[in-house]
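So the sequence shown is numbered by my numbering: it starts at 685 and just counts up by one.
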Amino acid sequence: MGEPVVVGFAVLAVVGLTLVAVGAVRRAVNLMVVGSAILLAVTGAWILGPAGAMVGLLAFGFLRRDPRS
């Protein structure tokens, strides 16, 4: 991987972590949800490539699913 790709992954990871942290402090669930989705997509893409981003978001969707429905 080239340096711009690694920097892009790092920036997205920092954005995801920042959203999760701000959401935790402000108790804003939506910010934590978006930050978690970004982190899972970045992790999936890092491990499995472009298809991994979709796998990460799919896993996030299953984790976020409302168990009552």
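Note that the Cβ used here is the ideal one computed from N, Cα and C, for glycine as well.
- By the Cβ-count criterion, I722 is buried, with 16 or more other Cβ atoms from all chains shown falling within 10 Å of its own Cβ.
- Sequence-distant partners of G700 (beyond 5 residues in either direction) whose C-beta falls short of 7 Å from its own C-beta, in its chain, are G719, I722, L723, V726.
- Distance from the Cα of V690 is smallest, within the candidate group G733, V713, F746, L715, for G733.
- Separation of the CB atoms of L703 and L715 is rounded to 5 Å, and the pair is thereby assigned contact status at 8 Å.
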